[in-house]
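Here the structure is laid out as structure tokens; the discussion comes afterwards.
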Amino acid sequence: MADIEQTVIDIIRAKAEDHQGSVDRQSVLTELGLDSLDAIEIIFEIETAFSIDVPYSHNDAGPEFETVADVVDAVTTALAKPSQAV
Amino acid sequence: MARRVVITGLGIHCAIGSGCNTVAEALAQGRSGVAPIQGFDPAGLKSPIAAEIADFVPAAGLTAKHLSLLDRHAAFAASAAIEAVDNAGADLAGDRTAVIIGTGGASLSTLDQEYFRLYGQAATRLHPFTVPRIMANAAASHITIRYGITGPSFTISSACSSGAHAIGLGYQMIQAGLVDQAIVGGAEAGLTFGNLKAWEGLKVMAPRYCRPFSADREGMVMGEGAAVVVLETLTAAQNRTGPVRAEIRGFAMTSDAHDPVHPSLDGAKQVLRQCLADADLQAGDIEYINAHGTGTGANDAVEAQAIHSVFGNHVDGLAISSTKSMHGHTLGAAGAIECVVTILALERGFLPPTINFTTADPDCALDVVPNAARPCTASRALSTSFAFGGSNAVLALDLDPD
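These protein sequences, in sequence, are chains A and B. Just add 651 to the spot in the first sequence (first one is 1) and you have the working numbering. Just add 1031 to the spot in the second sequence (first one is 1) and you have the working numbering.
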């Protein structure tokens, strides 16, 4: 679990260029200067790192990732469903 | 006074038909061209659907030798050009004709196929015509050779505005007196596993349906095809009693200077206003808009808001539809296909529908001609294109010029 969180934080921190010291579970993605394009790239890197499929569409309302914890939870959920692995 | 420019020939190939008549029938019936992909095994794609030309039959006159030199998109373009020139009936040879074809990805089909052989199958040689097939101006070049056209010819690439830019630039070149005639349009054939995987990464592809402006829209569906039109001056067309299918009343192109993939409300409003100004028309003069209407969350809401802003109270009498719901998003061909589709529908007296529509979206409160074509007497229309890269283009058409 801690490893998942750390990996997610590392990926997000690499994108949050101006806020590298301050990324933790409670960080709000938009406050890190991250926009929806960054979110798509972050999801790609997470999917690749964990060999999972994070359900996300740019066309509907959810799931929205507001905080780092939301992303960690989505990864944890996806990892708990072996059939989702790609 | 600027020279008036008219369309005298139309040609089209897309998922809902090959040729003007079959496409017009499909539009009238609200028939979808979207189906499970047949051209390759779509296993592994989250959106295994497309608006594909499943059984492409090239126009008569395109021989095996011609086709051997043409990427799939260029074969579509050549076929559409043959139809357009045939029904225009004009003599286009010489240096007073321009050929301008728009395409987004140029030769994706050839690249995907040949590079797969090289990297995936350890082929030691590629097809000897790979280079002439992948050059982006292959379609324009073929058309000049076919018709003996020695005026300017080139390819425009501005993503999903390419086809509209090609038509608009031809209009401007004739208006300015640089040439007297033009063969212009757009073509795209990007339905490859590699390209669809690339689009999948943007999280904008619909898994099942393209339903533009519907509250439950789920994204875009990729299409393929080409449309080509023949442009002449109104005077020349009248003098030879050629078929005047529509006048290009106006054209505008702008850039958002905003974001590579997200639409801009200001950019959309600006290009709509500039097109009306170029056409010397008021908002209330427009009766139909063939919308960009990709079916993505972002595009449709921003486009609807821009239309409300520019048309104000006139929105009440305005019909807007996205025919991408039927022929898919044909990217570099879209502006040209949607220009031709608009003419085919209006000249037969109907508005083409937005199919797959289920639920009104308060963010897209427009008459989108849901699900079924509707009789109309409209003659003045716009066709909008809002491309990735922030590149916008709008054409104003009048089917009943004075």
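Idealized CB from N, CA, C, for every residue including glycine.
Tell me whether residue i sits in a helix, a strand or coil according to DSSP, three-state version.
| i | result |
| --- | --- |
| residue 1255/B | coil |
| residue 1040/B | strand |
| residue 1223/B | coil |
| residue 1345/B | helix |
| residue 1158/B | coil |
| residue 1278/B | strand |
| residue 1292/B | coil |
| residue 1323/B | coil |
| residue 1199/B | helix |
| residue 1393/B | helix |
| residue 1134/B | coil |
| residue 736/A | A caution first: residue 736/A carries a pLDDT of 43, below 50, which makes its placement in the model unreliable, though a value can still be read off. Coil. |
| residue 1330/B | helix |
| residue 656/A | helix |
| residue 1141/B | helix |
| residue 688/A | helix |
| residue 1360/B | strand |
Given residue i, which residues of its chain have a CB within under 7 angstroms of its CB, disregarding the five upstream and five downstream residues?
| i | result |
| --- | --- |
| residue 1389/B | 1242, 1245 and 1247 |
| residue 1062/B | 1047 and 1357 |
| residue 735/A | Reliability of the predicted coordinates at residue 735/A is poor, the pLDDT of 44 falling under 50, and the value obtained from them is presented with this limitation in mind. These residues qualify, in order along the chain: 703, 704 and 729. |
| residue 1139/B | 1220, 1221, 1223 and 1226 |
| residue 678/A | 718 and 719 |
What whole-angstrom Cβ distance do residue i and residue j have, given they're in contact under 8 angstroms?
| i | j | result |
| --- | --- | --- |
| residue 1427/B | residue 1413/B | 6 angstroms |
| residue 1058/B | residue 1375/B | 6 angstroms |
| residue 1300/B | residue 1341/B | 6 angstroms |
| residue 1195/B | residue 1416/B | 4 angstroms |
How many angstroms separate the CA atom of residue i from the CA atom of residue j?
| i | j | result |
| --- | --- | --- |
| residue 1230/B | residue 1071/B | 16 angstroms |
| residue 1184/B | residue 1298/B | 29 angstroms |
| residue 1096/B | residue 1104/B | 16 angstroms |
| residue 1425/B | residue 1311/B | 14 angstroms |
| residue 717/A | residue 1331/B | 24 angstroms |
| residue 654/A | residue 680/A | 20 angstroms |
| residue 1350/B | residue 658/A | 51 angstroms |
| residue 1168/B | residue 1045/B | 20 angstroms |
| residue 1259/B | residue 709/A | 33 angstroms |
| residue 1152/B | residue 1173/B | 31 angstroms |
| residue 1405/B | residue 1393/B | 23 angstroms |
| residue 1054/B | residue 1033/B | 33 angstroms |
| residue 1181/B | residue 1133/B | 19 angstroms |
| residue 1268/B | residue 1278/B | 11 angstroms |
| residue 1036/B | residue 1383/B | 25 angstroms |
| residue 1171/B | residue 1130/B | 6 angstroms |
| residue 1377/B | residue 725/A | 49 angstroms |
| residue 1283/B | residue 1271/B | 29 angstroms |
| residue 1266/B | residue 1039/B | 12 angstroms |
| residue 1166/B | residue 1116/B | 24 angstroms |
| residue 699/A | residue 1146/B | 24 angstroms |
| residue 1431/B | residue 1410/B | 6 angstroms |
| residue 1291/B | residue 1421/B | 6 angstroms |
Is there at least one Cβ from chain B nearer than 9 angstroms to residue i's Cβ?
| i | result |
| --- | --- |
| residue 716/A | no |
| residue 701/A | no |
| residue 688/A | yes |
| residue 697/A | no |
| residue 694/A | yes |
| residue 673/A | no |
| residue 678/A | no |
| residue 691/A | yes |
| residue 735/A | Low per-residue confidence applies at residue 735/A: pLDDT is 44, beneath 50, and the placement is therefore not dependable, though the value from the model is reported in the following sentence. No, because no Cβ of chain B sits closer than 9 angstroms to the Cβ of residue 735/A. |
With 9 angstroms as the threshold, decide whether the Cβ of residue i is near any Cβ in chain A.
| i | result |
| --- | --- |
| residue 1329/B | yes |
| residue 1235/B | yes |
| residue 1441/B | Nothing about residue 1441/B can be read from this structure; chain B reaches only from 1032 to 1433. |
| residue 1293/B | yes |
| residue 1255/B | no |
| residue 1290/B | yes |
| residue 1249/B | yes |
| residue 1326/B | yes |
| residue 1048/B | no |
| residue 1359/B | no |
| residue 1420/B | no |
| residue 1232/B | yes |
What does a CB cutoff of less than 6 angstroms around residue i pick up in its chain, not counting 5 residues either side in sequence?
| i | result |
| --- | --- |
| residue 1212/B | 1123, 1128 and 1263 |
| residue 737/A | With a pLDDT of 43 at residue 737/A, under the threshold of 50, the modelled position of this residue cannot be trusted; read the value that follows with caution. Around residue 737/A: 704. |
| residue 1249/B | 1237 |
| residue 722/A | 659 and 716 |
| residue 1281/B | 1306, 1309, 1310 and 1427 |
Which same chain residues end up closer than 8 angstroms to residue i when comparing Cβ atoms and leaving out the 5 residues on each side of it in sequence?
| i | result |
| --- | --- |
| residue 1252/B | 1065, 1078, 1080, 1081, 1082, 1236, 1237, 1240, 1241, 1326, 1355, 1359 and 1360 |
| residue 1084/B | 1044, 1045, 1046, 1049, 1107, 1255 and 1256 |
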